[in-house]
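Colleague: Counting from 241, one number per residue, gives the positions in the sequence shown under my numbering.
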Amino acid sequence: MGLEGDPNLESTEESIVKWIWEEISSSWLNITLTVAIIYLIYQILFSSREPAPVEPEKPMPPLKKQDMTLSELKVYDGESEQCGGRICVAVNGKIFDVTRGRRFYGPGGPYSGFAGKDASRGLATFSVDVVPEDYDDLSDLKPSELEQVKEWELQFSEKYEYVGRVLKPGETRGSYSDDESDVSEMDHEKKE
Ligand code: HEM
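1) Count the C-beta pairs between the segment 346-357 and the segment 367-379 that are closer than 8 Å, then say yes if the count reaches three, no if not.
2) Rounded to whole angstroms, what's the CA-CA distance from Gly414 to Asp307? Just pull it up for me.
3) Given the structure, does Phe286 come close to the ligand HEM, in the sense that its CB is under 7 Å from one of the ligand's heavy atoms?
4) Alpha carbons only, please: which of Leu249, Gln322, Asn332 is nearest the one belonging to Glu391?
5) In whole angstroms, what is the alpha-carbon distance linking Gly356 and Tyr279?
6) First and last residue of the beta strand (DSSP E) that includes Gly402?
7) Excluding the 5 residues preceding and the 5 following Glu387 in the sequence, name in chain order all residues of the same chain whose CB lies nearer than 7 Å to its CB.
8) Report buried or exposed for Tyr400, applying the criterion of at least 16 other Cβ atoms within 10 angstroms of its Cβ.
9) Say the cut is 7 Å; is the CB of Leu280 nearer than that to a heavy atom of the ligand HEM?
10) Measuring alpha carbon to alpha carbon, tell me which residue in Tyr416, Thr274, Glu297 is nearest Arg340.
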């Protein structure tokens, strides 16, 4: 036999509803809480608010291949007016466009100290604060530290676009054609 129409069941349901109603209406606090809960449930289930559309960040066009002096590199710190938000970092004499790693190198990022700088010495010595102002030939680094720098260079080259080389004082720029991704050592003549 089905339970539908069972007078015992009906009276149990009635008494549960009655008990709930009595509980709720027993104090203003309970009434307020119940209204709040119903409102929240309604908001969750039926709210038609669309989340604000997130504009996908447009990737920047690649930076023209070029060699840079340290002061030219400095412009690409992600903050200067001229850089247009682009960030470059040099590792082991090679400049990389790390703009897509903005969360690391951008303002407030853990490695923002490297933005627009030669990060080699800092990476070798595991210190974000070690960023020399002048050209650094790294000649005093220990072999293990130099090895570390090379490993970082490899990591950067796998993740970021290569831009060009850091120019030593007196070194002339390499020439890059539009579709060239690297430049041969022959293009770098030292000014005597
Ligand atoms: C407590 C110390 C540190 C912790 C826990 C830490 C943690 C991390 C983690 C988890 C990543 C990978 C992030 C990802 O790929 O999503 C990372 C990347 C990196 N870390 Fe650290 N780090 C520390 C110290 C340092 C120091 C001292 C330096 C440099 C001197 C450094 C330089 C870097 C660099 C250059 C990257 C690569 C970012 C990129 O992909 O462009 N880190 N770190």
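A virtual CB, placed ideally from N, CA and C, is assigned to each residue, including glycine.
Modeller: The structure says:
1) yes
2) 6 Å
3) no
4) Asn332
5) 52 Å
6) According to the sequence displayed, residue 402 carries Tyr and not Gly. Here the beta strand (DSSP E) through Tyr402 covers 401-405.
7) none
8) buried
9) no
10) Glu297
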